[in-house]
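S.K.:
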Amino acid sequence: MKNVLQYTILGLLNNKALTGYEIYKSFSEVIGEIWTAKHSQIYNELKKLLQSEHIYISNIDESSKVTKKVYSITSLGKEALYHWIETAEEEENNKDPFAIKIYFFDHLDHEDKQKLLSQKKNAKTEKLTYLNYIYNQLDPQNDLQHILILKKAILREQAYIEWLDFCASEL
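Take 1 as the starting number for the sequence shown in my numbering and just add one per residue.
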């Protein structure tokens, strides 16, 4: 497997058995700060992982209107996950649509450039405030993984704000 989303799902299932919805929900929480996935992508990957026998359906809950499948990781899935964690060197994704806007914003007048940078800085500052709030709620004894990921997200936002300040100072 070379798909990071598949490994992310395996990692979540390595912690505990989850429904597809619970996996999706994890992406709107802390994992969403480093990796995002749409509902359809997750269910597509779950099908692939089932077919490759990296996961299995450990329970089916039919007590509500919607049948809920509970997914668990297999020993093959654990082996693949651990191998990936121990050996994989991943290339980072550097896509940033806003930076492309900055690259091409020469035609804007000075005031519009400043406004664009200011709007982005405000959004990034709000995001940083939110991340710091969550970070400060975590317990170092029980939430180490969340702390490590949130610290990366906080540093990312701080660096982005510094870059925006640099851009504004260069105008």
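The beta carbon of each residue, even a glycine, is placed where N, CA and C say it ideally should be.
1. In chain order, what residues of the same chain have a beta carbon less than 8 Å from the beta carbon of Tyr135, not counting five sequence neighbours either side?
2. To the nearest whole angstrom, what separates the beta carbons of Ile60 and Lys69, a pair I think is in contact under 8 Å?
3. Asn136 bridges to which residues according to DSSP?
4. Taking all protein chains shown into account, decide if Ser63 is buried (16 or more other Cβ within 10 angstroms of its Cβ) or exposed.
5. Determine, using beta-carbon pairs with one atom in the segment 108-128 and one in the segment 155-170, whether at least three such pairs fall under 8 Å.
6. On the DSSP letters alone, give me the boundaries of the beta strand (DSSP E) that Asn59 sits inside.
7. Alpha carbon to alpha carbon, how far is Tyr7 from Ser58?
M.R.: On the basis of the data shown:
1. Ile147, Leu150, Lys151, Ile154
2. 6 Å
3. Note: Asn136 sits in no beta bridge, so no partner.
4. exposed
5. yes
6. 55-61
7. 19 Å
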